[in-house]
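Novice: Protein chains in written order, with this note's numbering: chain A, 703 to 1049; chain B, 3 to 328.
Dropping the structure here:
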C-alpha cells in the first residue's frame, strides 16, 4: 500500500508549502528580537521535512508562523509563506482560521492538552469535520469512526463516545492525529508529537504518521529535537540554529555526512545506541539568547573552525557537497583561507 | 560478578501503595481494598565506583526505586544497605553519603537563593566545615563542575539549563557522597549540552570514585553511561545484564522490543520495531508474567505462572522469562 515516492523528482512536483526568507520579529523595549531569521524551505506532497534544533532555535516559531498563530506583539517581519501556490502569510485572521484545520492540520506535543476535556472524542472530530466539510451529522460521525480506525484505535465504533481522560497518552495522540487529518489537509505540522510519549508508543505514532503521509500524499513538517526520529522518519531535514538555517538537505546526507560545524557537533555529541564510544565529543557553551546573537555567524563563538569572516558577516545558504550550508568554510572566496588555517594545525 | 564488595545493595525491595477508596465508599459500594504495587521484589547490587542504570517506560517504577535507594520513600518490603549499613536504621552520618540529582534543573534549585548558598546548604546541614572554609569549599565545587567562583553570587535564573544542572551536581557533591542517584539528569537538556553534562558526570566518577544509580528512558545514554543495566517493567526487573551483553544480546522479549523501538541516528528510513500495546494500568489485577499481554512469544504457561529472575550467564545476565533458556 505504500506509495513509492519519486525522490529524484524528475517530473517537477509543485511543492505544497513554500517558505522563503521568513522573518519573525518581536519588538521589545531593547530592540527587535528575531526568533526566526530568513528561513526558507519547501515541502513536496507526500514528503516529510524534519525541522531540528535545540530549544530556542526557532523551530516551533516557524510552525506557528506558518499557521498564523504567533502571539502578539510578535509578527511576521518579512518573507513569504505559500500553501499550494496561495500566499497565506498576509491573510486576515478570519480567512486564516478557515485554512487552519482545513488545509493545515496540527499535532502538538502534549496530546491531553490538545483535546477539549469537556467533549467526547467523537464530538470533537465531528465538529472539526462539519466545520470544514459540507456533510451531514450522520455522515460526519461515520467519517469520525473511520478516522479513528485509520489511526489504529481498537473498537473505534465504541470508543468514539469516550472522553479524552479515558485514553492513554499514546491513544490521545492518535486521536489528535485523527483530528488533524479529519478535514483532509494538504499539510500537517507536527510539533514534537512524541516527546511526551514512551519509546514504544513513539515508534507506533511515527509509523502511523509516515503511513498516512505516504498513503495520502500529505506533506508533513516534523519539528523535533530528536536526531533518531529525524533519521528514521524524515526525507529531508533542516537544521536551525539561533533562528537561522544552518544546513538543509536530504536526511541521509545531512546526518551521515554533515557539512556545517554545528551539525557535525550535534551528530558527534549524540550517544549512539550501538555503543563503542568511550567519550562523547561536546560543543562548548550554549546557544546564545535572542538578545545577544553574535555578529556574523551565530555559531562562531562555539565553532572550533571559525575564522575571520565568520565574526563579520552572516553566511548565506550555499550548496556544499550534497547539502546546502550556511557557513563561510564552504564559500569559494574564503575556501583558500580556511584551507590554510586548517593546514596550520587548527581544528 | 566482580570481586569488589558492593557499595549499594537492595534486596527484595517492594513498595505497595494503598489506593483504596475511603472507608465509607468501600462499605457502601462493597469494594475490597485496592493496592498498587509500584515496585516488587527488586534486587540491585552496585559495586563501588560503578554505574547501574535503570531503564523502562514511564510508570515502570524507575524513579520509585531511585527514591527508595536515597531514603526518600520507605519500602514496604525488603531493605537497602549502603556499605553494609541498613539505610533506614542508620542515622544522618550515612545519609550524608547519599545524594540525588533530579531531572529538572529548573524545579530543583531554589530561585530565591544565590548559587553559593544552594551549594553550601548540604555542607551546613551536615556541619562538615565551619566559618570561612565553607566559601572555599563552594568555590572548589563550582570549579569542579566547570563554573567560576563569581557564578556563586548569581541566582539560578541567570543560568542556562546545562549550567543549572552543573549547579545541581555541585550541590550533590558538597557533602562528599559515595553514592549519587541520578534521575533522568539530562532529559531536560539539549543534545549539545547533554554531552557536556554526561562527560562531566563520567569525569567526576573517575576522579572521586563515585557510584551512580542512573535512571533514564534513553537507551543510547544508558549505553554510554552504565556498566550494568536493569530493565524494569511494571515495577519488576525483567532483565539485568552487563551493558554490552544487554545491547548486543538482549534476551527478554521486552528488552528486545525496547531496543528495537528506540530511534537510531543511523536508522535511515528504518521502520522502528512495532511494539504492540502500552504499559498497562498497574492497579489492574494480573496473573502470570506481567508482560504477557504484549509479548509475541507468550504461552499459556506465561499467562498462568509469574517468572522469577533467573541467572542465564553466571555473573553477567539474569532474565525473568519462561521462554529464555539458560
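We put the CB at the ideal spot given by N, CA and C, even for glycine. Quick caveat: nothing in here was measured; it's all calculated off a predicted structure.
Would residue 894(A) pass as an interface residue toward chain B - the criterion being a Cβ-Cβ separation below 8 Å?
Specialist: no
Novice: Out of 202(B), 283(B), 314(B), point me to the one whose CA is closest to residue 981(A)'s CA.
Specialist: Cα-wise, what sits closest to residue 981(A) is 202(B).
Novice: Residues in the same chain with beta-carbon distance under 6 Å from residue 1058(A), minus the five sequence neighbours each way, listed in chain order, please.
Specialist: Given that chain A is displayed from residue 703 to residue 1049, the structure contains no residue 1058(A) and the question cannot be resolved.
Novice: Using 10 angstroms around the beta-carbon of residue 329(B), count the other beta-carbons present and answer buried if the total reaches 16, otherwise exposed.
Specialist: Nothing can be reported for residue 329(B): it is not among the residues displayed for chain B, which extend from 3 to 328.
Novice: According to DSSP, what are the bridge partners of residue 47(B)?
Specialist: As a beta-bridge residue in DSSP terms, residue 47(B) pairs with 11(B).
Novice: From residue 322(B) to residue 977(A), what distance separates their C-alpha atoms?
Specialist: 25 Å
Novice: Can at least three beta-carbon pairs, one atom from the segment 944-958 of chain A and one from the segment 1024-1039 of chain A, be found at a separation below 8 Å?
Specialist: yes
Novice: State the Cα-Cα distance for the pair residue 7(B) and residue 88(B), rounded to the nearest angstrom.
Specialist: A straight line joining the alpha-carbon of residue 7(B) with that of residue 88(B) spans about 15 Å.
Novice: Counting pairs of beta carbons, one from the segment 796-813 of chain A and one from the segment 863-878 of chain A, are three or more of them closer than 8 Å?
Specialist: yes
Novice: Under 8 Å Cβ-Cβ, which residues of chain A neighbour residue 219(B)?
Specialist: 900, 901, listed in chain order.
Novice: If you count every other CB in all the chains shown that lies within 10 Å of the CB of residue 820(A), and 16 or more means buried, which is it?
Specialist: Under this definition residue 820(A) is an exposed residue.
Novice: Rank 1002(A), 984(A), 906(A), 939(A) by C-alpha distance to the C-alpha of residue 990(A) and give the top, closest one.
Specialist: 1002(A)
Novice: If you draw a straight line from the alpha carbon of residue 239(B) to that of residue 870(A), how long is it in whole angstroms?
Specialist: 23 Å
Novice: Can you list the residues of chain A that residue 198(B) reaches, using a CB-CB cut of under 7 Å?
Specialist: 984
Novice: When you compare each of 771(A), 929(A), 756(A), 884(A) to residue 833(A) by their alpha carbons, which one comes out closest?
Specialist: 884(A)
Novice: Can you look up residue 80(B) in the DSSP assignment and give me helix, strand or coil?
Specialist: strand
Novice: For residue 21(B), does the count of other Cβ atoms within 10 angstroms reach 16, so buried, or fall short, so exposed?
Specialist: exposed
Novice: Starting from residue 857(A), find everything on chain B with Cβ-Cβ shorter than 8 Å and list it in chain order.
Specialist: Those within 8 Å of residue 857(A) in chain B number zero; the least Cβ separation is about 14 Å.
Novice: Spell out whether any CB of chain A is found under 8 Å from the CB atom of residue 265(B).
Specialist: The C-beta of residue 265(B) comes closer than 8 Å to at least one C-beta of chain A.
Novice: Could you please give the first and the last residue of the uninterrupted beta strand (DSSP E) stretch that includes residue 304(B)?
Specialist: Counting along the chain, residue 304(B) falls outside any beta strand (DSSP E), though it belongs to the alpha helix (DSSP H) covering 302-306.
Novice: Under a CB-based cut-off of 8 Å, is residue 931(A) close to chain B?
Specialist: yes
Novice: Does the segment 308-326 of chain B come close enough to the segment 284-297 of chain B that 3 or more CB-CB pairs lie under 8 Å?
Specialist: yes
Novice: Check whether the segment 200-218 of chain B and the segment 235-249 of chain B are in contact - that is, three or more C-beta pairs closer than 8 Å.
Specialist: no
Novice: Starting from residue 924(A) and walking both ways along the beta strand (DSSP E), at which residues does that stretch end?
Specialist: 921-926
Novice: Going along chain A in order, which residues have a C-beta closer than 7 Å to the C-beta of residue 13(B)?
Specialist: Those do not exist, as residue 13(B) stays about 29 Å from chain A at its closest Cβ, beyond 7 Å.
Novice: Out of 221(B), 267(B), 155(B), state which residue places its alpha-carbon closest to the alpha-carbon of residue 250(B).
Specialist: 221(B)
Novice: Have a look at residue 733(A) and residue 778(A) and give me their C-alpha separation to the nearest angstrom.
Specialist: 16 Å
Novice: Have a look at residue 148(B) and residue 128(B) and give me their C-alpha separation to the nearest angstrom.
Specialist: Rounded to the nearest angstrom, the two C-alpha atoms are 25 Å apart.
Novice: Nearest CA to the CA of residue 16(B): which residue from 119(B), 45(B), 25(B), 94(B)?
Specialist: Nearest Cα to residue 16(B) within the set 119(B), 45(B), 25(B), 94(B): 45(B).
Novice: Tell me which residues of the segment 139-166 of chain B have at least one Cβ-Cβ distance to chain A shorter than 7 Å, keeping chain order.
Specialist: 162, 164
Novice: Tell me residue 943(A)'s beta-bridge partners as DSSP assigns them.
Specialist: Residue pairing by DSSP places residue 943(A) opposite 946(A) in a beta bridge.
Novice: Leaving out five residues before and five after residue 910(A) in sequence, what residues of the same chain have Cβ atoms less than 8 Å from its Cβ?
Specialist: 853, 854, 876, 879
Novice: Locate the alpha helix (DSSP H) running through residue 285(B), then write down its first and last residues.
Specialist: No alpha helix (DSSP H) contains residue 285(B), which DSSP labels as neither H nor E.
Novice: Would DSSP call residue 52(B) helix, strand or coil?
Specialist: coil
Novice: Between residue 123(B) and chain A, is any beta-carbon pair separated by less than 8 Å?
Specialist: no
Novice: Excluding the 5 residues flanking residue 963(A) on each side, which residues of the same chain have their C-beta closer than 6 Å to its C-beta?
Specialist: Answer for residue 963(A): 1005, 1007, listed in chain order.
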